[in-house]
Every structure is written in C-alpha cells, then in structure tokens.
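Novice:
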Amino acid sequence: MDSEDSDKVQIGENKFVSKSILLSHLNTYNLYYKGGALQLRHREEEGEMIIEGLLNVFWGVRRPIRLQMEDEKEAGRPRPSLTSLSEEAGKYILEFLNSHVFTVYASYRNDCVCLVGFVTAHLAGEEQQDSTLSDRIARAKSDVGGRRISGRRLGIRRVRRNRCSFNGHFYNHKTAVFTPAFGSVTNVRVNSCMTTAQVMRVLLNKFKIENSPDEFSLYIVHTSGERHRLKPKDHPLALRVLRGPCEQVSKMFLMETDQVEEVTYDVAQYIKFELPVLQSFIAKLQEEEEREMQKLKKRYRLSHTLYILEAFEIIMCPNFFSVPLFPVISGTLICNESSRNTCGL
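For the sequence shown, full-length UniProt numbering begins at 1 and goes up steadily by one.
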C-alpha cells in the first residue's frame, strides 16, 4: 500500500478522507458521548484504520414489516402444547413420589431407626413444598379450564392476545407483522469497513425481519428537511462520525426505498414555509419571469428593426442590382468590397 493511500480512509465508492480529519471528528464524537455506550473505538490493522461501536438507526418505515415466526435454530423443534405440559408435570409428580416411597421402603428393610427418622423428617419438611407445588398445579389447571367465557369476550381477548405493544412498537404474533413507531431508535454494532448493504443486513437480522434488504435504504435526515440517501457502497459509521454526533442536527433513518425521495439543500429551504408564503414566492418568481420575457422581446424587436433598416439602405443603393451580393449571415447582408464602395457603405 502506498504512503498516500495509507493516510486515507475509504468512506464510500471512490471517496476517501484523510486519517487526521477522521480522527479529529472521532475525538469530538467520543467527547460528546463521554462515558456513554455510544463511544467508538479505533484500531489499526495492516495500516488500515478501523472504527467500531454502536450506531444509532431510527425507524422511518411506513408499512408493516414481517418477522420470522420462530428462530431458524428452533424451526424443527415442536412447540410444547398444554397437554404435553400436563404430562410433564404428571411425570415429575410420579418420579417424586416413587423416589420417596423407595427411600421409605429401604429404611424399613434395613430396620434402621435413625434412617427412618431422617426420612420422616425429610418428608415432613418437603410436605410443605409438595403442597406449594400442588397449589401451583391447581392454579394452573384453574387458569386453563376455568369458567366459560362468552364468545364476544373471547373474540376481544383473542385480538388483545394476538396484538401487543412494546416500546411503542405494535406486533401481532399471530401474523408476525411488526410496525415500528416512526422516529423510535435502535442500534447495531458495526465498524467503519461495513457498507450500507451490510449494515442493513445486520439490522434486519437483529430483529429477524423477513423483508428483503433491497426494500429499504439508509437516509441521513437533517432538521432542515434535507434528506440524503446513502449509496450501497457508502460506509455509514464513518459518515456518521464525519457529520457529527449531535442527533438534533441529523439522524440516520431506515426507510422504504420506493416511498421516500431525496431532498436537496435548495429544496429543503422552502419545506418549512407555509402555503401562503410559498404562493407569494411563486408570484414574485412569475413577475420576475415576465419582466425578463419583456426585456427579451424588446431586444428582439430592436434588433429586427435595425436589420430591416440596414437591408433597406442596401436596397436603395443605385447600383444594388448590378453588384452581386453574398448571402445573409447572422442577420446582416454581406457584400463584397466593390459593392460596398459602389453603394457607399
């Protein structure tokens, strides 16, 4: 690697920045998050500077996203039903009773009073635990097979059970549909070598999202309304460091690619204005356009009049028809030298 390349860090496709500039921004970034979990670390590997740490990403999706119904590792494992749980509880009780009966029987066979006394005390101490266990089983049974519920209340309860909310997100576990609250934040652990596509893949895998990464894009959204989409080969963590740590100025959003358009700085200046103000801007622009059009028309009429007068003077020359003329070029009749002298031009 050349010395010039070793002093630069790639932040995108054919885009580089010097290490000194990136380190300066990194120091400011870590000073802003001093003592927090968002502080970043950097290291050198084969002359390449690598920054790693947590990157905040805000949810900006408008449509529900799909989650995996179960983990891939546990896909082949059947879910335990209520019957299987009851059977397991019954087996546990039988094993518990059999072990104690065997202990008492062994003590009786050996005619050991001490052993019998110990077993009796042991059983007396565990009777309280058995009663607690039986109470738990009874409560569980009552919860499962309790009083009948009307059909209407059962339907409402099913809806409530199917759909739940956590941290402002709505999730229906029956249909595996997830609706993140707009503007809520999450974070992923990445490094400065990871591209936009890789960061999005890590984020989707974190929440077990089945949607394709091609449906989403990362955007840097400013408070002014400017919105810039990161390219697939950009490095989000490095760009976040360069843009500064303050999320009140700019945030990184995950949004649908087909639902969001980029907003340039020039357009963003007019986004926050009210409609009457924008209409007044349009009216002034139309007036200015009309003035420019009138200037162009006036200039054209003047040049056209001069052209006609010049042509008329040439035609009024006495020897005009006896002197060959050249074609008209650029709005002016061109004559040869003899015709000019003859016509007095």
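Beta carbons are placed, not taken as given, at the ideal position from N, Cα and C, and that holds for glycine.
1) Counting only beta-carbon atoms, is T264 nearer than 9 Å to chain B?
2) Could you compute how far the alpha carbon of D234 sits from the alpha carbon of T196?
3) Closest to I65 by CA distance: which of H42, I209, Q39, R201 is it?
4) When burial is assigned at 16 or more other CB atoms within 10 Å of the CB, is R227 buried or exposed?
5) Closest to residue 346 by CA distance: which of N27, V190, L67, E247 is it?
6) Taking all protein chains shown into account, do 16 or more other C-beta atoms lie within 10 angstroms of the C-beta of V277, making it buried, or fewer, making it exposed?
7) Here's the rule I'm using: 16 or more other beta-carbon atoms within 10 Å means buried, otherwise exposed. How should A238 be labelled?
8) Measuring CA to CA, which of V61, C246, N205, S6 is closest to L31?
9) Which of the three DSSP states, helix, strand or coil, is assigned to Q198?
10) With DSSP run on the structure shown, which of helix, strand or coil describes M252?
11) When you compare the CB positions of L22 and V241, do they come within less than 9 Å of one another, or not?
12) If you count every other CB in all the chains shown that lies within 10 Å of the CB of S99, and 16 or more means buried, which is it?
13) How should M194 be labelled, buried or exposed, when 16 other C-beta atoms within 10 angstroms of its C-beta is the threshold for buried?
14) Name the one or two DSSP bridge partners that H304 has.
15) Taking just the CA atoms, how far does T186 sit from M200?
16) Around the C-beta of V249, are 16 or more other C-beta atoms found within 10 angstroms, so that it is buried, or is it exposed?
17) Between which two residues does the alpha helix (DSSP H) holding T28 run?
18) Roughly how many angstroms lie between the CA atoms of residue 373 and V221, to the nearest whole one?
19) Taking the alpha-carbon positions, what's the V260 to R301 distance?
20) For a quick check, are the C-beta atoms of M293 and G60 less than 9 Å apart?
21) Please say whether G35 and K231 have beta carbons closer to each other than 9 Å?
22) Name the DSSP bridge partner or partners of S217?
23) Please name the residue, chosen from L26, V177, K19, L218, that lies closest to V57 on a Cα-to-Cα basis.
24) Measure the C-alpha to C-alpha separation of E288 and T257 and round it to an integer number of angstroms.
25) Does the beta-carbon distance from Q269 to S224 come in below 9 Å?
26) Rounded to whole angstroms, what is the Cα-Cα separation between A176 and M49?
Specialist: Put simply:
1) You won't find chain B in this structure, because it holds only one protein chain.
2) 6 Å
3) Out of H42, I209, Q39, R201, I209 has the C-alpha closest to the C-alpha of I65.
4) buried
5) Nothing about residue 346 can be reported from this structure: the residues present for the chain run from 1 to 345 only.
6) Of the residues assessed, V277 falls on the exposed side of the cut-off, its CB having fewer than 16 other CB atoms within 10 angstroms.
7) Burial call: buried.
8) C246
9) It is helical.
10) strand
11) yes
12) Low confidence applies here, because S99 scores a pLDDT of 49, under 50, leaving its location unreliable and the question unanswered by this model.
13) buried
14) Per DSSP, none; premise fails for H304.
15) 12 Å
16) exposed
17) 19 to 32
18) Coverage of the chain is limited to positions 1 through 345, which leaves residue 373 absent and any answer about it impossible.
19) If I take the Cα positions, the gap works out to 48 Å.
20) Not closer than 9 Å, so no.
21) no
22) Paired residue(s): M255.
23) L218
24) 37 Å
25) yes
26) 41 Å
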